[in-house]
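Shown next, in structure tokens, is the structure this report addresses.
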Amino acid sequence: MPICESCKLRNVAHMCTWDSSIDVPSVDAQSETNNSMTDENIRRIVQIVLEQIGDAQNTQENTNGLLGNAMPRLLSHYNDISCSWHNRQTENDSKSFFPQDAASIHDSNEFRRHLAALPDKSQCRLVFDYYLTYLEPIENILNRSLFLQEVKVFWYLNEETHRQAKDGCIQQSSWQATFWNDKSNWGFVALLFAVIQYCCTTIAKEKLEDFGLLQSNQDAAQLYDKVTDGFKFFYSHSNYLGEPTLWTIQSMCLTLFNLLPRLPSREALLWHANLVRLAQSMGLHRLGSLEQDLQCMSLRRQGNECAESHQKWRDNDLSFKHLESCALRPKLFGEDTFEAGNLALREIARKVFNAVLRMDWLGSVDHCFLIQLDDLTTSSPANLDDGQVLQLDTYYQKNPESIHAMLQNPNPTDATLISIARRICEVYRRQADMEKQQFRLTRSYELDPNSLKALHDEYANILLSLPAEFQLTGVAEYDDRVLLAHAKRPYLTDQRLFINECINFRIMKLFGPSFVRWLRLKENHDQAITCLRAATVVCRTHKELPQFTSPTHAFIYQRYQLLIAVIILHIAQSSDAGLVDHSQLRQEIVGTLKRLSQLNAARIDGNKVWEKPLAILMSVYFIDNNTQPDALWPGPSSVDELPSKSPTLVETLVEENNPPKLDPGSSVDSQDALLSWLSLMCTPEQPMDFSSIDSMLNL
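Per our numbering, the sequence shown starts with residue 1105, numbered consecutively.
Right under this line is the structure:
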């Protein structure tokens, strides 16, 4: 059968049963063969059932025995049928997406080429140390201790295989072949590539050369492409659809952090939906909390049943064994993987699922959330370090009360940021639900003042309730106890800036749609000041991040947030509301533009926030001058042709510096030249001082 046009456009590599021109099932010799196979399969299944019925007695006991005995046979026979059908199909399709035999795959040239793309052991150690030091404290998706142990085991088993792959000839021992014959292990190799790929988008070329990943004459973008291809190869052969693991969920999460801003929106949404559904199929959304696990285990030790064991889900039409914390389903992979007795693994799974949840609730754009509140029991992970999590089962065997004592620890740990981020996600989720409800009633997403105030109060409460180690007040960060905590855990400084930037961006986004109107109405100046303060904090946290050698300020979504903040500042600077010191605000704007230009220039992935900087500046002008964009779109071909209505930052820079004339569709280099020109008037940046925000806002 030919692949249909839809599959061709989406580059789906499988045998499609739809006609390429009219998208209706076509009937040919292959279809007739499939129909005959289906008839034969049904006949054989019915025969098995009849054989069981003939042997059974007409009693309830024997009826139950029929179900218990026939179901495994039916499932086993169904697997045989599926394999037979798959083999017949792939005989005529050499481009099957999944390998039929891992042994044959890892002997292929393609396997050797992609494995050779993995950096050497020493280079991987440098990259992984970099990730665990700077990036994992923000993303919080791996258990650091477990990951390092797994990496150590991987190289113990495969260092020689990796060396042979680079030499072009692999001669594996039996125990090495055992590793590669287990398809789930391919998911771990995909995770290694995903971590390296993620680092490549945040590390400057000079740093990659220091790590030995690049030679001075090599193109950094080629390294990124090679690592990305390696991830795709090992991930696609990991059987992630049939037997998903935490490795495949983690690797897809890390890859999506990179790909979501770059992929076409439909493809990105498909990846995202696939990730969420796989996580749900593993039962990661129904894991409860560590405290509930301890209560359940305590009841079982006393000979009582845990309430979780009696929980029923919606699949009442099947008679499979109930899976605790998972939806009722056929046994596709380890049935007891996430049972309540495995404390460490369940806690790691909660950490992974919270990363999936953050991506769904903060990154779904205007689409429906896939993770629903009425089907969610998984809480944030407990306030424990990664090393403590691995020892949970040992602690429980020795002294269950010791775990309860650990949970009372008030100090920051590796998991503290996850709980704070979960609270932000929950408020943002409520905001989105309120906006959708408002749209159903009024056909407008704009919330009423009371709703805005309630949401702002929730964000403000999160800021006020932050542990002292995460507060940015100009006072709390200089407390001796806080300084000591940051000295012991250097990543806390990065987390503090990151979480304050995140919360203030949500406040800025909450008030942004009404900001221009509030500037013009004196009775709403307090809300305008709140929005403006949040935008200023976003800009200043970005100014501070590079001082701590943090790469997080270079994240694509962080650059987007910085772009929105500078637009808010520009609108305020162009207004005559008398709320700001124009000279200080102007300095803040051009300094922020300069940082954006530098961040874009340092990236190796080819992705730029300023794809059409002129269009962005035009949008700012439209908002500032109360002009409808549709009336003038696509706008003039150069900055010189901007219409003049009131002095703005753009027009002032045009007059004073003679900018280059650029077309909105110009190349990335030309766009960066325009952005660099916008930052010509930048004065030396001052040390971060949040107290100066009040003076700038004329408070």
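Positions of the beta carbon are idealized from the N, C-alpha and C atoms, including for glycine.
Predicted model, so just to flag it, every value in this text is computed and none were measured.
My understanding is that residue i touches residue j, with C-beta atoms under 8 Å, so please give their C-beta distance in whole angstroms.
i: Phe1232; j: Ala1294; result: The pair is not a contact, with the Cβ atoms about 15 Å apart (cut-off 8 Å).
i: Ala1525; j: Arg1450; result: The Cβ separation is near 20 Å, so there is no contact.
i: Trp1465; j: Tyr1549; result: Trp1465 to Tyr1549, Cβ: 17 Å. No contact.
i: Ala1676; j: Leu1636; result: 5 Å
i: Lys1225; j: Trp1259; result: 5 Å
i: Leu1379; j: Met1356; result: 5 Å
i: Gln1239; j: Thr1306; result: Going by the sequence as given, residue 1239 is Leu instead of Gln. The pair is a contact, with the Cβ atoms about 7 Å apart (cut-off 8 Å).
Can you tell me the Cα-Cα spacing of residue i and residue j, whole angstroms?
i: Tyr1499; j: Leu1570; result: 29 Å
i: Glu1395; j: Ala1281; result: 41 Å
i: Ser1523; j: Leu1230; result: 29 Å
i: Trp1284; j: Asn1262; result: 10 Å
i: Tyr1563; j: Gln1322; result: 46 Å
i: Leu1494; j: Leu1556; result: 42 Å
i: Leu1250; j: Asp1333; result: 26 Å
i: Phe1338; j: Gly1291; result: 7 Å
i: Gln1384; j: Thr1481; result: 12 Å
i: Lys1613; j: Gln1275; result: 57 Å
i: Cys1228; j: Trp1351; result: 17 Å
i: Leu1778; j: Leu1667; result: Note that Leu1778 has pLDDT 39, beneath the 50 cutoff, so the model's placement of it is unreliable and the number below is only indicative. Answer to the nearest angstrom: the Cα atoms are 15 Å apart.
i: Arg1593; j: Pro1516; result: 9 Å
i: His1629; j: Trp1622; result: 6 Å
i: Ala1221; j: Arg1390; result: 38 Å
i: Ile1452; j: Thr1349; result: 12 Å
i: Arg1544; j: Gly1616; result: 21 Å
i: Thr1265; j: Gly1392; result: 41 Å
i: Lys1455; j: Leu1345; result: 21 Å
i: Lys1716; j: Ala1669; result: Residue confidence is low: Lys1716 scores 41 on pLDDT, short of 50, so the model does not pin down where it sits. Its coordinate-derived value is still stated next. So the two alpha carbons sit approximately 17 Å from each other.
i: Ser1288; j: Ala1298; result: 15 Å
i: Cys1304; j: Gln1541; result: 41 Å
i: Lys1626; j: Glu1539; result: 26 Å
i: Gln1631; j: Asn1554; result: 12 Å
i: Leu1358; j: Ser1340; result: 15 Å
i: Asp1598; j: Val1642; result: 14 Å
Inspect the beta-carbon positions of residue i and residue j and report whether they are closer than 8 Å.
i: Ile1528; j: Ile1566; result: yes
i: Glu1692; j: Thr1640; result: yes
i: Ala1448; j: Leu1373; result: no
i: Val1460; j: Ile1353; result: yes
i: Pro1485; j: Ala1509; result: no
i: Leu1312; j: Ala1325; result: no
i: Ala1377; j: Leu1477; result: no
i: Gln1535; j: Leu1559; result: yes
i: Asp1552; j: Arg1248; result: no
May I ask you to report which of helix, strand or coil DSSP gives residue i?
i: Gly1805; result: Residue 1805 lies beyond the residue range present for the chain, which begins at 1105 and ends at 1803; the question has no answer from this structure.
i: Leu1236; result: helix
i: Gly1616; result: helix
i: Gly1291; result: helix
i: Leu1250; result: helix
i: Val1579; result: coil
i: Gly1491; result: helix
i: Leu1222; result: coil
i: Gln1275; result: coil
i: Ile1307; result: coil
i: Gly1392; result: coil
i: Lys1540; result: helix
i: Phe1473; result: coil
i: Ile1245; result: coil
Count the other C-beta atoms from every protein chain shown that fall within 10 angstroms of the C-beta of residue i, then say buried if there are 16 or more, exposed otherwise.
i: Tyr1595; result: buried
i: Arg1610; result: buried
i: Arg1644; result: buried
i: Pro1504; result: exposed
i: Thr1546; result: exposed
i: Phe1361; result: buried
i: Asn1604; result: buried
i: Gly1695; result: buried
i: Ile1672; result: buried
i: Tyr1664; result: exposed
i: Cys1273; result: exposed
i: Gln1319; result: exposed
i: Asn1761; result: Low confidence applies to Asn1761: its pLDDT is 39, below 50, so where it sits in the model is not reliable, and the reading given next is rough at best. Exposed is the call here.
i: Ser1212; result: exposed
i: Lys1647; result: buried
i: Leu1689; result: buried
i: Ala1269; result: buried
Report yes if the C-beta of residue i is less than 7 Å from at least one heavy atom of the ligand COA; otherwise report no.
i: Arg1637; result: Annotation note on the ligand COA: not contained in the displayed structure, which lists no ligands.
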